[in-house]
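Here's the structure, in structure tokens; my notes come after.
Protein chains: 6
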Amino acid sequence: MPQPDHVMALPLSETPDLDPEMAALFDKCVEKLGFVPNVLQAYSLRPKKLRNFAMHYNELMLGESGLSKLEREMIAVVVSSANHCYYCLVAHGQAVRKLSGDPELGEMLAMNYRAAPLEPRQRAMLDFAWKMTKEPWTMGEPDRQALRDAGFSDADIFDIADTAGFYNMSNRVASAVDMMPNREYHKLDR
Amino acid sequence: MPQPDHVMALPLSETPDLDPEMAALFDKCVEKLGFVPNVLQAYSLRPKKLRNFAMHYNELMLGESGLSKLEREMIAVVVSSANHCYYCLVAHGQAVRKLSGDPELGEMLAMNYRAAPLEPRQRAMLDFAWKMTKEPWTMGEPDRQALRDAGFSDADIFDIADTAGFYNMSNRVASAVDMMPNREYHKLDR
Amino acid sequence: MPQPDHVMALPLSETPDLDPEMAALFDKCVEKLGFVPNVLQAYSLRPKKLRNFAMHYNELMLGESGLSKLEREMIAVVVSSANHCYYCLVAHGQAVRKLSGDPELGEMLAMNYRAAPLEPRQRAMLDFAWKMTKEPWTMGEPDRQALRDAGFSDADIFDIADTAGFYNMSNRVASAVDMMPNREYHKLDR
Amino acid sequence: MPQPDHVMALPLSETPDLDPEMAALFDKCVEKLGFVPNVLQAYSLRPKKLRNFAMHYNELMLGESGLSKLEREMIAVVVSSANHCYYCLVAHGQAVRKLSGDPELGEMLAMNYRAAPLEPRQRAMLDFAWKMTKEPWTMGEPDRQALRDAGFSDADIFDIADTAGFYNMSNRVASAVDMMPNREYHKLDR
Amino acid sequence: MPQPDHVMALPLSETPDLDPEMAALFDKCVEKLGFVPNVLQAYSLRPKKLRNFAMHYNELMLGESGLSKLEREMIAVVVSSANHCYYCLVAHGQAVRKLSGDPELGEMLAMNYRAAPLEPRQRAMLDFAWKMTKEPWTMGEPDRQALRDAGFSDADIFDIADTAGFYNMSNRVASAVDMMPNREYHKLDR
Amino acid sequence: MPQPDHVMALPLSETPDLDPEMAALFDKCVEKLGFVPNVLQAYSLRPKKLRNFAMHYNELMLGESGLSKLEREMIAVVVSSANHCYYCLVAHGQAVRKLSGDPELGEMLAMNYRAAPLEPRQRAMLDFAWKMTKEPWTMGEPDRQALRDAGFSDADIFDIADTAGFYNMSNRVASAVDMMPNREYHKLDR
Numbered sequence: 004m005p006q007p008d009h010v011m012a013l014p015l016s017e018t019p020d021l022d023p024e025m026a027a028l029f030d031k032c033v034e035k036l037g038f039v040p041n042v043l044q045a046y047s048l049r050p051k052k053l054r055n056f057a058m059h060y061n062e063l064m065l066g067e068s069g070l071s072k073l074e075r076e077m078i079a080v081v082v083s084s085a086n087h088c089y090y091c092l093v094a095h096g097q098a099v100r101k102l103s104g105d106p107e108l109g110e111m112l113a114m115n116y117r118a119a120p121l122e123p124r125q126r127a128m129l130d131f132a133w134k135m136t137k138e139p140w141t142m143g144e145p146d147r148q149a150l151r152d153a154g155f156s157d158a159d160i161f162d163i164a165d166t167a168g169f170y171n172m173s174n175r176v177a178s179a180v181d182m183m184p185n186r187e188y189h190k191l192d193r
Numbered sequence: 004m005p006q007p008d009h010v011m012a013l014p015l016s017e018t019p020d021l022d023p024e025m026a027a028l029f030d031k032c033v034e035k036l037g038f039v040p041n042v043l044q045a046y047s048l049r050p051k052k053l054r055n056f057a058m059h060y061n062e063l064m065l066g067e068s069g070l071s072k073l074e075r076e077m078i079a080v081v082v083s084s085a086n087h088c089y090y091c092l093v094a095h096g097q098a099v100r101k102l103s104g105d106p107e108l109g110e111m112l113a114m115n116y117r118a119a120p121l122e123p124r125q126r127a128m129l130d131f132a133w134k135m136t137k138e139p140w141t142m143g144e145p146d147r148q149a150l151r152d153a154g155f156s157d158a159d160i161f162d163i164a165d166t167a168g169f170y171n172m173s174n175r176v177a178s179a180v181d182m183m184p185n186r187e188y189h190k191l192d193r
Numbered sequence: 004m005p006q007p008d009h010v011m012a013l014p015l016s017e018t019p020d021l022d023p024e025m026a027a028l029f030d031k032c033v034e035k036l037g038f039v040p041n042v043l044q045a046y047s048l049r050p051k052k053l054r055n056f057a058m059h060y061n062e063l064m065l066g067e068s069g070l071s072k073l074e075r076e077m078i079a080v081v082v083s084s085a086n087h088c089y090y091c092l093v094a095h096g097q098a099v100r101k102l103s104g105d106p107e108l109g110e111m112l113a114m115n116y117r118a119a120p121l122e123p124r125q126r127a128m129l130d131f132a133w134k135m136t137k138e139p140w141t142m143g144e145p146d147r148q149a150l151r152d153a154g155f156s157d158a159d160i161f162d163i164a165d166t167a168g169f170y171n172m173s174n175r176v177a178s179a180v181d182m183m184p185n186r187e188y189h190k191l192d193r
Numbered sequence: 004m005p006q007p008d009h010v011m012a013l014p015l016s017e018t019p020d021l022d023p024e025m026a027a028l029f030d031k032c033v034e035k036l037g038f039v040p041n042v043l044q045a046y047s048l049r050p051k052k053l054r055n056f057a058m059h060y061n062e063l064m065l066g067e068s069g070l071s072k073l074e075r076e077m078i079a080v081v082v083s084s085a086n087h088c089y090y091c092l093v094a095h096g097q098a099v100r101k102l103s104g105d106p107e108l109g110e111m112l113a114m115n116y117r118a119a120p121l122e123p124r125q126r127a128m129l130d131f132a133w134k135m136t137k138e139p140w141t142m143g144e145p146d147r148q149a150l151r152d153a154g155f156s157d158a159d160i161f162d163i164a165d166t167a168g169f170y171n172m173s174n175r176v177a178s179a180v181d182m183m184p185n186r187e188y189h190k191l192d193r
Numbered sequence: 004m005p006q007p008d009h010v011m012a013l014p015l016s017e018t019p020d021l022d023p024e025m026a027a028l029f030d031k032c033v034e035k036l037g038f039v040p041n042v043l044q045a046y047s048l049r050p051k052k053l054r055n056f057a058m059h060y061n062e063l064m065l066g067e068s069g070l071s072k073l074e075r076e077m078i079a080v081v082v083s084s085a086n087h088c089y090y091c092l093v094a095h096g097q098a099v100r101k102l103s104g105d106p107e108l109g110e111m112l113a114m115n116y117r118a119a120p121l122e123p124r125q126r127a128m129l130d131f132a133w134k135m136t137k138e139p140w141t142m143g144e145p146d147r148q149a150l151r152d153a154g155f156s157d158a159d160i161f162d163i164a165d166t167a168g169f170y171n172m173s174n175r176v177a178s179a180v181d182m183m184p185n186r187e188y189h190k191l192d193r
Numbered sequence: 004m005p006q007p008d009h010v011m012a013l014p015l016s017e018t019p020d021l022d023p024e025m026a027a028l029f030d031k032c033v034e035k036l037g038f039v040p041n042v043l044q045a046y047s048l049r050p051k052k053l054r055n056f057a058m059h060y061n062e063l064m065l066g067e068s069g070l071s072k073l074e075r076e077m078i079a080v081v082v083s084s085a086n087h088c089y090y091c092l093v094a095h096g097q098a099v100r101k102l103s104g105d106p107e108l109g110e111m112l113a114m115n116y117r118a119a120p121l122e123p124r125q126r127a128m129l130d131f132a133w134k135m136t137k138e139p140w141t142m143g144e145p146d147r148q149a150l151r152d153a154g155f156s157d158a159d160i161f162d163i164a165d166t167a168g169f170y171n172m173s174n175r176v177a178s179a180v181d182m183m184p185n186r187e188y189h190k191l192d193r
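Chains as they are written, first to last, in this note's numbering: chain W, 4 to 193; chain V, 4 to 193; chain U, 4 to 193; chain P, 4 to 193; chain G, 4 to 193; chain H, 4 to 193.
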């Protein structure tokens with residue numbers, strides 16, 4: 004009963020119309036990771052959306068920010084845990100394992116971040132991300148103040164909100180079209 | 004007790020570092036709408052994110068798709084209703100009023116889309132968007148099949164998922180940083 | 004795709020058996036508002052219930068109370084927002100617009116009252132009404148004390164509870180029989 | 004640790020200003036039941052509201068309807084179970100025991116109506132009342148049709164909705180002001 | 004419409020294969036209570052499970068503990084109230100009535116424990132049990148500290164958790180196989 | 004930031020009073036697994052409860068049943084996923100990996116079982132377990148019939164209910180006292 008080998012439940016184009024920049028991105032993924040992440044393959048059904056998704060993602064996760072790359076991946080995993088998103092838990096769980104060098108941390112965040120021995124800064128960040136995910140209509144000044152009290156700047160707060168927001172998008176797209184993560188993630192950084 | 008006049012609860016840069024393309028976008032907004040939407044002003048706190056948000060948004064809402072522009076706005080409003088997002092309900096409620104020429108339709112979608120006399124195609128689309136928003140982990144093949152039965156193609160299903168996903172992101176960012184919609188929206192297309 | 008023109012999803016009596024007092028009430032509505040609110044027309048299916056509903060309503064919303072008429076309408080809108088009741092959001096949203104002279108306030112309360120720049124007194128009142136609506140079994144002395152701390156008397160607390168309770172009734176009746184608000188409300192007091 | 008002996012958590016007037024009709028109602032309660040139900044004593048804090056509540060209640064529960072008095076009490080108990088309302092479960096649980104002559108039925112409805120061996124008509128009625136209580140925004144034509152299929156007329160459907168609505172009001176008022184049921188109910192009709 | 008007379012919705016073995024110790028337990032139940040509790044009869048479908056259930060139960064509810072037997076029954080009832088479990092509310096509601104000598108306390112705990120005039124110790128214990136039942140993933144050190152502040156030892160905290168856990172099991176088994184409580188419980192200790 | 008090395012948040016006895024049979028069980032665990040599972044160490048705070056837990060567990064998971072051992076572990080993981088229980092997801096996720104020889108299956112069940120390519124029998128079993136966990140009060144004959152339609156016997160249905168029930172207990176105890184799984188689980192059977 005191995006993982007299904009589809010990229011998503013909708014059929015892909017056999018000849019996706021990738022522009023040179025996206026083709027280069029795919030090549031770079033193969034070179035660096037050994038595979039093209041299925042989320043990119045899925046978005047290639049709609050090539051213009053692929054480009055936007057990829058650029059949005061790269062800046063979010065790799066651009067300059069007061070949040071470390073690990074912290075951004077931690078948010079990704081915790082939001083995906085709240086949304087039970089298989090694709091994102093597998094892909095970003097691996098990223099947490101890799102960036103932290105701590106395989107158990109990836110498991111804790113995927114299963115219940117409250118079990119992890121987090122510093123107050125990170126606990127505050129993840130509490131904010133969880134609440135934004137579950138009951139966004141209740142967010143208010145006290146929630147932002149809790150982040151300031153934990154040492155985050157206003158730009159950091161924006162980035163926390165933006166990152167948690169992004170995975171509330173990608174979790175839902177992945178679940179709605181049944182994206183499968185590449186099987187390679189499972190064995191990495193255990 | 005008028006609407007607060009902040010753009011969001013976090014302070015904006017007084018001299019946002021807009022590149023020429025974004026500066027042109029802001030000018031175009033003023034020309035066409037009479038104002039720069041506050042979501043763009045808020046993202047100008049992080050100019051690279053602004054560009055990605057704007058490009059992502061434009062393709063999503065204005066690019067080619069089997070979904071009409073009105074249908075995409077209908078999804079925006081219904082997702083925002085499920086998430087009680089003030090910013091997006093005001094801005095996209097106005098868009099539904101304008102594109103449909105039917106002010107009451109905007110109200111019905113913002114308040115409870117089940118009250119609207121929708122065609123089966125649109126009801127199916129909005130049921131899918133609501134479920135994706137509230138319980139994304141339960142999505143499955145029967146949900147996609149219901150869209151196919153209502154006449155949607157696989158690419159349309161991808162676009163429905165992507166659109167509903169996007170507003171689950173922007174609703175949460177807006178709520179988390181308390182974005183206020185520009186007051187101009189309120190009076191338009193009543 | 005205009006709003007359906009039914010009063011409710013159940014057929015009305017063609018010759019409702021209104022007693023003289025109720026007939027006078029209907030006439031007075033036409034004179035003052037230009038129409039008979041559909042909730043009254045719906046209740047005319049059961050004329051004795053109509054009388055009780057009307058008397059109950061009039062005392063609640065217009066009788067003497069430590070709550071202003073606007074505050075009572077604010078509670079009506081916030082409860083209806085929690086319950087996604089189209090009928091009541093339209094009818095009482097208009098009342099908030101009219102009584103406050105602030106069209107945006109009506110929108111904020113209908114969409115997410117936490118976005119509104121409320122005084123502490125009114126925020127406390129609406130927090131109480133929201134909690135009563137969503138999780139009535141958790142209400143306790145701390146909730147009542149929060150109202151006292153915000154300046155409400157015990158009789159005011161009773162009136163807040165009674166008003167929030169009433170709209171939890173009318174929201175559900177309206178939703179269960181698909182009452183449509185009179186279309187006239189939409190354009191008023193924008 | 005007996006039940007608290009307050010009528011509600013708010014102080015009552017020591018000299019409630021009852022009009023002659025309400026004073027007569029209180030006398031009649033004492034004569035027939037041996038006590039004045041605490042909900043009436045609580046409402047005497049606001050005498051005009053008391054009158055409306057009493058008249059509304061009497062027509063609802065005792066007036067002509069296609070629903071038997073027992074069926075109306077069954078709805079009262081099931082709604083109160085969904086809302087965990089102590090006052091109403093005690094008072095209307097007793098009413099079900101009395102009207103049905105079946106003490107266990109009262110317990111089943113108060114605890115979980117799905118455990119009761121109900122006829123399809125009554126199961127349909129209670130499923131409708133439960134759903135109206137928990138997720139009123141989802142009510143639609145299929146819910147009404149299920150009642151018609153179970154033999155209910157349109158006027159009956161109105162009465163089911165109205166009855167379930169009423170207890171969603173009274174449950175919340177009782178919980179918000181901590182009304183205690185008269186202790187006499189507990190021992191009756193066991 | 005009396006309570007159904009089945010033990011559970013699954014057929015029992017006509018000749019359950021009880022070992023001598025379990026047969027003796029059944030005899031002892033008849034002697035002491037006048038009947039064999041249906042939960043034991045239901046488990047006799049799987050005799051080895053019956054033995055484990057019975058031993059687990061006896062130690063939990065009757066063994067040495069810093070919690071009184073009444074307190075353990077109070078937890079049983081409150082968890083069962085959160086889970087709307089008919090079987091356990093009937094059986095353990097009777098136990099609370101008997102052990103407390105206070106029939107109203109049994110009703111309050113079954114319907115809404117927040118209505119009961121509890122000492123802080125017991126309120127803290129039941130708040131912990133309710134939260135564990137509804138949102139176990141949110142439990143943390145502040146919840147345990149609240150119990151310590153109310154006077155509980157660490158071993159007591161373990162016992163509270165264990166007791167609340169047990170009824171989350173038995174409630175679900177009872178609901179899943181539709182166990183009916185023995186009718187004798189209803190009349191006892193009123 | 005490795006996993007905390009406590010067994011649980013409550014202090015253990017330094018000299019737990021294990022009877023010979025339990026001491027032998029601990030020795031056997033060390034021999035077979037290389038460690039004593041922390042859940043057993045935690046229960047050794049209350050040695051009589053330890054014995055009952057261990058016997059209950061062994062029969063449930065290893066005794067005769069129409070459910071395979073893998074199927075019982077699948078239920079354990081899916082219930083624990085619904086309850087976000089870190090301890091049980093780690094320990095039973097490993098068991099699924101081992102018994103199935105399919106590491107990805109363990110991940111899918113821990114994250115969202117609906118992503119797994121299950122046979123109808125197992126999907127029905129897990130749908131039942133999820134529903135029992137989330138809304139036990141709604142279980143009814145149609146849920147049992149769905150299991151029969153998928154080929155389960157009545158005794159199997161009892162075992163499914165009993166197994167799902169058990170993990171609703173152990174998940175809550177583990178979360179309430181913050182049990183940490185032994186770190187050895189993480190690396191096994193990847």
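Ideal Cβ positions, reconstructed from N, Cα and C, are used throughout, including at glycine.
- Within the model, the alpha-carbon separation for Asp181 of chain G versus Pro123 of chain P is close to 18 angstroms.
- Taking a cut-off of 8 angstroms on C-beta distances, the segment 123-135 of chain U does not touch the segment 23-30 of chain P, as fewer than three cross pairs fall below it.
- Looking only at H:Leu53, H:Phe131, H:Gln44, the smallest Cα-Cα distance to Glu74 of chain H is reached by H:Phe131.
- Asp181 of chain U sits in coil when the DSSP states are folded into three classes, being neither helix nor strand.
- If you check the CB distance, His189 of chain W and Glu187 of chain H do not come in under 8 angstroms.
- Taking a beta-carbon distance threshold of 8 angstroms, Leu28 of chain P does not count as an interface residue toward chain U.
- At a beta-carbon threshold of 7 angstroms, none of the residues of chain W lie near Lys52 of chain H; the nearest stands roughly 23 angstroms away.
- Fully contained in the segment 128-159 of chain U are the following alpha helix (DSSP H) runs of length 4 or more, in chain order: 144-152.
- For the pair Asn41 of chain G and Pro184 of chain G, the CB atoms are nearer than the 8 angstroms cut-off.
- If you draw a straight line from the Cα of Gln97 of chain G to the Cα of Leu121 of chain U, it is about 49 angstroms long.
- Chain-order list of chain G residues neighbouring Lys190 of chain P: Pro106, Arg193, by C-beta distance under 9 angstroms.
- Between Leu70 of chain W and Asp8 of chain W, the CB-CB gap reaches or exceeds 8 angstroms.
- Residue state for Cys91 of chain V is assigned as helix, using DSSP reduced to three classes.
- Relative to Gln44 of chain U, the option among U:Glu34, U:Leu150, U:Thr18, U:Leu65 whose CA is nearest is U:Thr18.
- Nearest Cα to Gly143 of chain U within the set P:Met135, P:Ser16, P:Ser178: P:Ser178.
- Take Ser84 of chain V, set aside five residues on each side of it, and the residues of its chain with a beta-carbon closer than 6 angstroms to its own are Ala113, in chain order.
- Between Tyr170 of chain U and Ala79 of chain U, the CB-CB gap stays under 8 angstroms.
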